[in-house]
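A.B. asks:
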Amino acid sequence: MDKYRKLYNENLLGTSDVSILKFYYASFKIQQSKGKVSNVGSFLDECIKIAADTGKYFKVLGYLPFINSKYGTEQERISKFIKLRRKDIETLFMKNEITDKEIEDLLYGISQPSNGEPKTNDYYLEKIREKIIKCYSIKGKKQLGDRIFGYLLKSELLQAHTPEERLNTWYQFTGKDIVPSDTKLHANPRLNRSNVDSLTLIEHLESILDFYKEIDLEKAVDFIRKDIEKLSAKN
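Here the working numbering is used: the sequence shown runs in plain steps of one and ends on residue 227.
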């Protein structure tokens, strides 16, 4: 019990995705030990409800402490993620111990949801959003995130054509706290702002290609392959 209480206190006001999930996990384990909840599914239902509510204070099953609504953006994002990876999170929460790596793999990994259902647009969008946010959390990877978003637009899973539409869509998709390094957000790598040479750019595109291949978004894969071929022909 002490380890769950410690985990709970350490992540009480955390705003990262990993911290919020650790907080929910610890809360579930504490409530479970006190006999307040036995069904992880019911607990996650309540988590989704309170996490999606960005306009007021919220708590889970009478046990979570009050959290100020300034954390609403992060909570709302976690709410969507719980819905998307429900089965996987239930499995994770039933473990007696979890590691940051397990949570990070769940949040930022690229495997298909374990229920085996066909991949939907929501699945692709969530995976791409996670990847962009991860790029922006790593020094020197912001332009990679910009280009990933550009190929998302080019694949037409999101509709945005003018510079203003692209920028507005970016903020709606990633959140208002992440400012793109290139506000034009072109999909065409020759138009994006770049501080690398063409050979390095090809390496970046190959990395993006691997990502889109792994989530199996073929439309984006085709676009990236063609761009790599065009750039390679010039070198």
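Virtual Cβ for every residue (Gly too), placed ideally from N, Cα, C. These figures come from a predicted structure and were not determined experimentally.
1) Between Lys205 and chain C, is any beta-carbon pair separated by less than 7 Å?
2) Could you please give the first and the last residue of the uninterrupted alpha helix (DSSP H) stretch that includes Gln267?
3) Measure the alpha-carbon distance for Leu209 versus Tyr116 and round it to whole angstroms.
4) Using the three-state DSSP reduction, which class does Thr192 fall into: helix, strand or coil?
5) Measure the C-alpha to C-alpha separation of Asp(-6) and Ser173 and round it to an integer number of angstroms.
6) How would you label Val171, buried or exposed, when you count the other beta carbons within 10 angstroms and need 16 or more for buried?
7) Would you grab the beta carbon distance between Ile140 and Ile200 for me? Rounded to a whole angstrom, and I think it's under 8 Å.
8) Check Ala152 in the structure and name its three-state DSSP category.
9) When you compare each of Gln135, Leu150, Asp114, Ser11 to Glu96 by their alpha carbons, which one comes out closest?
10) Expressed to the nearest angstrom, what Euclidean distance is found between the alpha-carbon atoms of Tyr143 and Lys168?
11) Determine the closest residue to Tyr16 out of Ala43, Gly27, Gln135, with distance taken between C-alpha atoms.
12) Smallest Cα separation from Asn31: which of Lys72, Glu82, Thr166?
13) Return helix, strand or coil for Ile220, following the three-state DSSP convention.
14) Can you check whether the CB of Lys14 is closer than 7 Å to the CB of Asn3?
15) Does Thr112 pass the burial test, meaning 16 or more other C-beta atoms within 10 Å, or should it be called exposed?
16) Over the uninterrupted alpha helix (DSSP H) stretch that includes Glu82, give me the two end residues.
17) Quick one, which of His196, Ser147, Lys205, Gly33 has its alpha-carbon nearest Met86's?
18) Hey, out of Glu89, Asp9, Cys39, whose CA is closest to Lys(-2)'s CA?
19) Just to confirm, are Lys134 and Tyr128 a CB contact at a threshold of 7 Å?
20) May I ask you to report which of helix, strand or coil DSSP gives Lys48?
C.D. replies: A quick look at the data gives this:
1) In the structure shown, chain C does not exist; there is a single protein chain.
2) Residue 267 is absent from the structure shown; the chain starts at -7 and stops at 227.
3) Here the question's residue 209 lines up with position 217 in the sequence shown. Here the question's residue 116 lines up with position 124 in the sequence shown. Roughly 7 Å between the two C-alpha positions.
4) By 1-based counting over the sequence shown, the position of residue 192 is 200. Correct three-state label for Thr192: helix.
5) Your numbering for residue -6 matches position 2 in the sequence shown. Your numbering for residue 173 matches position 181 in the sequence shown. C-alpha separation (whole angstroms): 44 Å.
6) Looking up residue 171 in the sequence shown gives position 179. Burial call: exposed.
7) Along the sequence shown, read from residue 1 onward, the residue named residue 140 stands at position 148. Along the sequence shown, read from residue 1 onward, the residue named residue 200 stands at position 208. The pair is a contact, with the Cβ atoms about 6 Å apart (cut-off 8 Å).
8) Locating residue 152 in the sequence shown gives position 160, where the first residue counts as 1. In the three-state scheme derived from DSSP, where H, G and I count as helix and E and B as strand, Ala152 is classed as coil.
9) Stepping through the sequence shown from its first residue, residue 96 is reached at position 104. Measuring from the Cα of Glu96, the nearest candidate turns out to be Ser11.
10) Reading the sequence shown from its first residue, position 151 is the one you call residue 143. Reading the sequence shown from its first residue, position 176 is the one you call residue 168. Answer to the nearest angstrom: the Cα atoms are 20 Å apart.
11) For this step, residue 16 is matched to residue 24 along the sequence shown. The residue with the shortest Cα to Cα distance from Tyr16 is Ala43.
12) The sequence position of residue 31 within the sequence shown is 39, counting from 1. Nearest C-alpha to Asn31: Glu82.
13) As a first step, residue 220 must be located in the sequence shown, where it is residue number 228. If DSSP states are grouped into helix, strand and coil, Ile220 belongs with the helices.
14) To locate residue 3, count along the sequence shown from 1; it is residue 11. To locate residue 14, count along the sequence shown from 1; it is residue 22. In contact: Asn3 and Lys14 (Cβ atoms closer than 7 Å).
15) Within the sequence shown, the letter at position 120 stands for residue 112. Burial call: exposed.
16) As a first step, residue 82 is located in the sequence shown; it is residue number 90 there, counting from the start. Start and end: 78 to 85.
17) What you label residue 86 is simply residue 94 of the sequence shown in a count that begins at 1. Checked all of His196, Ser147, Lys205, Gly33; the closest Cα to Met86 is Gly33.
18) For this step, residue -2 is matched to residue 6 along the sequence shown. It is Glu89 whose Cα lies nearest to the Cα of Lys(-2).
19) Taking the sequence shown and counting its residues from 1, the one referred to as residue 134 is at position 142. Taking the sequence shown and counting its residues from 1, the one referred to as residue 128 is at position 136. The answer is yes: Cβ separation under 7 Å.
20) What you label residue 48 is simply residue 56 of the sequence shown in a count that begins at 1. Any reading at Lys48 must be qualified, since the residue scores a pLDDT of 43, below 50, and its modelled position is unreliable; no value is offered.
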